[in-house]
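Sequence order for the protein chains is A and B.
Each residue of the first sequence is one higher than the one before, counting from 1 in the working numbering.
Each residue of the second sequence is one higher than the one before, counting from 279 in the working numbering.
Below is one structure, written out as structure tokens; comments come after it.
Number of protein chains: 2
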Amino acid sequence: MNMEELLERALSNVTESRVKEAMRYSLMAGGKRIRPNLLFEVLKGYGIDPMKGYEFACALEMIHTYSLIHDDLPAMDNDDLRRGRPTNHKQFDEATAILAGDGLLTEAFHLAASAAVDPAIVVKGIRILSEMAGPDGMVYGQILDMNEDPASTYVDIRKVHKYKTGCLLSAPLMIGAAIAEQPDDIIEAWHEVGEKLGLAFQIQDDILDITKTAEDLGKSNSDARNEKVTVVNLLGEEASRAEVAALYSDCRSQIAKFRGFDSASLIKMVDAIEARMK
Amino acid sequence: MNMEELLERALSNVTESRVKEAMRYSLMAGGKRIRPNLLFEVLKGYGIDPMKGYEFACALEMIHTYSLIHDDLPAMDNDDLRRGRPTNHKQFDEATAILAGDGLLTEAFHLAASAAVDPAIVVKGIRILSEMAGPDGMVYGQILDMNEDPASTYVDIRKVHKYKTGCLLSAPLMIGAAIAEQPDDIIEAWHEVGEKLGLAFQIQDDILDITKTAEDLGKSNSDARNEKVTVVNLLGEEASRAEVAALYSDCRSQIAKFRGFDSASLIKMVDAIEARMK
Numbered sequence: 001m002n003m004e005e006l007l008e009r010a011l012s013n014v015t016e017s018r019v020k021e022a023m024r025y026s027l028m029a030g031g032k033r034i035r036p037n038l039l040f041e042v043l044k045g046y047g048i049d050p051m052k053g054y055e056f057a058c059a060l061e062m063i064h065t066y067s068l069i070h071d072d073l074p075a076m077d078n079d080d081l082r083r084g085r086p087t088n089h090k091q092f093d094e095a096t097a098i099l100a101g102d103g104l105l106t107e108a109f110h111l112a113a114s115a116a117v118d119p120a121i122v123v124k125g126i127r128i129l130s131e132m133a134g135p136d137g138m139v140y141g142q143i144l145d146m147n148e149d150p151a152s153t154y155v156d157i158r159k160v161h162k163y164k165t166g167c168l169l170s171a172p173l174m175i176g177a178a179i180a181e182q183p184d185d186i187i188e189a190w191h192e193v194g195e196k197l198g199l200a201f202q203i204q205d206d207i208l209d210i211t212k213t214a215e216d217l218g219k220s221n222s223d224a225r226n227e228k229v230t231v232v233n234l235l236g237e238e239a240s241r242a243e244v245a246a247l248y249s250d251c252r253s254q255i256a257k258f259r260g261f262d263s264a265s266l267i268k269m270v271d272a273i274e275a276r277m278k
Numbered sequence: 279m280n281m282e283e284l285l286e287r288a289l290s291n292v293t294e295s296r297v298k299e300a301m302r303y304s305l306m307a308g309g310k311r312i313r314p315n316l317l318f319e320v321l322k323g324y325g326i327d328p329m330k331g332y333e334f335a336c337a338l339e340m341i342h343t344y345s346l347i348h349d350d351l352p353a354m355d356n357d358d359l360r361r362g363r364p365t366n367h368k369q370f371d372e373a374t375a376i377l378a379g380d381g382l383l384t385e386a387f388h389l390a391a392s393a394a395v396d397p398a399i400v401v402k403g404i405r406i407l408s409e410m411a412g413p414d415g416m417v418y419g420q421i422l423d424m425n426e427d428p429a430s431t432y433v434d435i436r437k438v439h440k441y442k443t444g445c446l447l448s449a450p451l452m453i454g455a456a457i458a459e460q461p462d463d464i465i466e467a468w469h470e471v472g473e474k475l476g477l478a479f480q481i482q483d484d485i486l487d488i489t490k491t492a493e494d495l496g497k498s499n500s501d502a503r504n505e506k507v508t509v510v511n512l513l514g515e516e517a518s519r520a521e522v523a524a525l526y527s528d529c530r531s532q533i534a535k536f537r538g539f540d541s542a543s544l545i546k547m548v549d550a551i552e553a554r555m556k
């Protein structure tokens with residue numbers, strides 16, 4: 001089964017309703033499915049059947065999707081387009097979009113709590129997932145991003161990206177390591193890999209935003225419209241590209257060092273993520 | 279420690295930020311703390327230290343609070359007052375209120391996953407909590423409520439209340455029974471008690487809405503303003519009061535029948551909830 005089929009299966013037991021329709025609209029809108037695939041690659045690298053991570057993989061994608069739906073709302077980024085289609089509140093309405101986000105976030109934990117692994121591991125996975133997604137993680141990053149000082153420095157923006165993007169890329173790596181029963185210091189090392197990946201990913205996004213049009217990206221360019229400070233504004237395009245290359249290279253060497261971990265396939269995935277800018 | 283202190287403690291580890299401030303503003307705004315107290319009463323009735331339910335009790339109150347914050351938003355009920363104070367989006371702003379709700383919902387699962395009980399019970403509790411709060415529970419009730427047919431019957435409205443209010447009153451009863459290691463059919467019987475309690479509670483609210491002013495209630499009366507169909511509209515005040523009395527009486531006799539459960543204290547709590555209308 002591919003990821004699209006797994007997500008369809010994850011939604012299949014939810015009661016039919018307008019809110020489910022709205023959840024499904026955004027969840028099944030495509031996208032790179034990076035977070036689920038990161039989890040599958042970590043499990044494979046540790047020699048574990050990736051399907052052991054099925055519920056957490058779907059939960060991660062649901063949380064990512066909820067964050068996009070709420071981010072696009074008029075009170076937040078006020079975006080009309082996402083992946084070439086109307087955003088959730090444009091396709092449905094604002095109230096339904098708020099509830100669809102709430103529904104995906106809650107259902108994510110319902111799925112995670114149904115994971116077919118040892119209960120102690122499920123609990124650990126849920127602790128990681130909620131910490132990385134909540135007011136110490138992604139939600140913290142979102143409030144930092146919203147209240148950003150126009151005089152931000154690269155250090156400030158790094159912090160925003162660390163939480164807003166990095167935490168939800170760390171989560172699949174950490175949950176994979178938790179399912180593989182790795183000790184806490186190793187889980188923490190995976191956390192750092194995710195942060196770097198998130199930062200690299202976000203700077204790449206900023207570079208893409210200045211070099212591509214909205215039509216190419218399939219979304220409206222709210223960052224430019226909202227006159228956000230980006231790393232590219234601060235460091236310039238050339239230095240930003242160099243920083244991205246350095247961060248990805250750092251990720252790869254960290255990944256290669258994990259003991260008992262066959263890193264080839266995950267490193268190939270990092271290469272593919274990096275390649276999207278070229 | 280009373281519930282206010284427990285909630286303060288539950289928030290104390292969250293990173294300081296504007297979103298935490300907004301989460302705290304609504305979480306610590308008082309309220310009857312019915313859901314945590316229902317959980318504590320069920321544990322006491324089964325002879326278990328109520329503090330075993332501390333994390334789930336706080337999680338329930340966080341989920342209840344997030345639902346109020348999102349419900350009050352301009353795109354939803356558009357209320358300016360809640361418990362005699364400005365609603366979250368009036369005190370902060372819409373974007374912060376959306377994030378505060380998201381933060382409380384996510385943090386609820388983080389707390390629940392830190393509960394100091396057996397991991398298998400934690401997982402079961404999280405499964406109950408997420409099912410009762412999500413798109414098969416409270417969120418389903420909210421979408422039904424939003425898209426309600428003006429020609430609704432009592433049966434339709436019962437369904438809305440069952441999900442919108444009942445599910446989150448069932449959750450503490452069911453989680454209490456799960457911590458007390460009761461079998462699934464008993465947990466399901468507690469589910470039904472919560473549904474009846476929710477229906478009674480909601481009809482009481484409707485009666486209060488027509489007999490008290492906004493100032494008495496400490497909230498603006500959006501239901502009347504939005505011309506919602508209520509049970510009181512449909513059945514009339516007298517029949518509604520009789521229905522409430524019958525539902526509470528039904529709850530009490532169901533509670534009294536649970537084996538190995540000392541029901542006196544929980545029944546007293548049901549009496550106190552019923553008494554608020556008189």
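Backbone N, C-alpha and C define an ideal beta-carbon position, used for all residues, glycine too.
Item                                                                                                                       : Value
Neighbour-count burial assignment, A:M174, 16 or more Cβ in a 10 Å radius                                                  : buried
Spatial neighbours of B:E372 in its chain, beta-carbon cut-off 6 Å, leaving aside the 5 residues before and after          : none
Chain B residues whose Cβ lies nearer than 7 Å to that of A:H110                                                           : R405, S408, E409, G412
B:K556 versus B:H367 - alpha carbon distance                                                                               : For B:K556, the predicted model reports a pLDDT of 47, less than 50, meaning its position is unreliable and no value from the coordinates is stated.
is_contact[B:K556, chain A] using C-beta, thresh 9 Å                                                                       : For B:K556, the predicted model reports a pLDDT of 47, less than 50, meaning its position is unreliable and no value from the coordinates is stated.
N- and C-terminal bounds of the alpha helix (DSSP H) containing B:M281                                                     : 281–290
A:E5 to A:E61 span [Cα, whole Å]                                                                                           : 13 Å
Any alpha helix (DSSP H) of 4 or more consecutive residues that is wholly inside the stretch 419–502 of chain B            : 432–439, 445–457, 462–489, 492–495
Cα-Cα separation, A:P119 to B:A390                                                                                         : 14 Å
Beta-ladder partner(s) of B:R302, from DSSP                                                                                : Looking at the DSSP assignment, B:R302 forms no beta bridge with any residue, so it has no partner.
Chain A contact for B:M306 (CB, 9 Å cutoff)                                                                                : no
Bridge-paired residues (DSSP) for B:L359                                                                                   : B:P364
Helix, strand or coil at A:P135 [DSSP, three-state]                                                                        : coil
Contact set between A:M51 and chain B, taken where Cβ atoms lie within less than 9 Å                                       : Going along chain B, no residue has its Cβ under 9 Å from A:M51, so there is no contact; the nearest lies around 19 Å.
Residues that A:Q142 contacts on chain B, provided the C-beta gap is smaller than 7 Å                                      : L377
Cut-off 6 Å between Cβ atoms - residues of its own chain near B:D540, not counting five sequence neighbours on either side : G323
Meets three-Cβ-pair contact criterion under 8 Å: the stretch 15–22 of chain A and the stretch 74–83 of chain A             : no
Below-9 Å beta-carbon distance, B:R296 vs any chain A residue                                                              : yes
Under 8 Å (Cβ pairs) to chain C, residues found in the stretch 424–450 of chain B                                          : Of the chains in the structure shown, none is chain C; the protein chains are A and B.
Inter-residue CB distance, A:Y66 and A:L105 (contact presumed, cutoff 8 Å)                                                 : 5 Å
A:P172 classed as buried or exposed, judged by whether at least 16 other C-beta atoms fall within 10 angstroms             : buried
Length of the line joining the Cα atoms of A:I143 and A:E237                                                               : 26 Å
Span separating the alpha-carbon of B:A553 from that of B:C529                                                             : 14 Å
Under 7 Å from the C-beta of A:L235: neighbouring residues of chain B                                                      : What A:L235 touches in chain B: nothing, since even the nearest Cβ is about 26 Å away.
Range of the contiguous alpha helix (DSSP H) that encloses B:I551                                                          : 542–553
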